[in-house]
Amino acid sequence: MAKQKIEVIKSISKKEFYQGILKPNDIEVEEGKIYLYLMINENTNLFKIGYSKNPYFREKTLQSEEPKIFTIKFWECEKKVETEIHKLFKNKRIRGEWFKLNIDDLVKLNNRMKIYD
Numbered sequence: 150m151a152k153q154k155i156e157v158i159k160s161i162s163k164k165e166f167y168q169g170i171l172k173p174n175d176i177e178v179e180e181g182k183i184y185l186y187l188m189i190n191e192n193t194n195l196f197k198i199g200y201s202k203n204p205y206f207r208e209k210t211l212q213s214e215e216p217k218i219f220t221i222k223f224w225e226c227e228k229k230v231e232t233e234i235h236k237l238f239k240n241k242r243i244r245g246e247w248f249k250l251n252i253d254d255l256v257k258l259n260n261r262m263k264i265y266d
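Numbered according to the numbering used here, the sequence shown spans residues 150 to 266.
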């Protein structure tokens, strides 16, 4: 009998997958600044685009209702940028700040936000 190799495929979370594409920044949240954030709900595959003074705290408040919400990336920028990004993806809006985005959309968002990296 011939021996067959078993290939092990590493499983990663959606958060890790999207962070691999968007290369999350490693910046400290500073008091008095505003951040545009991108989060994913791993249960619904919807993305939340919003702004907060503290994206990590915002993530925790959302997780109290829905534990599978994770921050993918955030950028320090003015509040008006959130409005611009919402307009950019207006046809992808599901409700409120939740959007059904694909990989191309995420690349477009990341390219638009590079000036804030």
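Glycine included, every Cβ here is placed at the ideal spot set by N, Cα and C. Note that the coordinates shown come from a computational prediction; the quantities given were computed from them, not determined experimentally.
Taking all protein chains shown into account, residue 166 has fewer than 16 neighbouring C-beta atoms within 10 Å of its C-beta and is therefore exposed.
Annotation for residue 187: the continuous beta strand (DSSP E) segment containing it runs 184–190. Note on geometry: alpha-carbon atoms of residue 226 and residue 176 lie some 13 Å from one another.
In the pairwise beta carbon analysis, the segment 243–256 is classified as touching the segment 182–200: at least three pairs are separated by under 8 Å. The beta carbon of residue 211 lies closer than 6 Å to those of 218 in the same chain, with the five residues before and after it left out.
Around the CB of residue 220, 16 or more other CB atoms lie within 10 Å, so the residue is classed as buried. Excluding five sequence positions before and after residue 238, the CB atoms of its chain that fall closer than 6 Å to its own CB belong to 248, given in chain order. Per DSSP, the unbroken alpha helix (DSSP H) holding residue 205 starts and ends at 204–212. Taking a contact as a CB-CB distance under 8 Å, the pair residue 230 and residue 203 does not count as one, their CB atoms being some 17 Å apart. Here residue 223 carries a strand assignment [DSSP, helix/strand/coil]. Between the C-alpha atoms of residue 183 and residue 234 there is a straight-line separation of about 15 Å. The C-beta separation of residue 171 from residue 259 comes to about 5 Å, placing the pair in contact by the 8 Å criterion.
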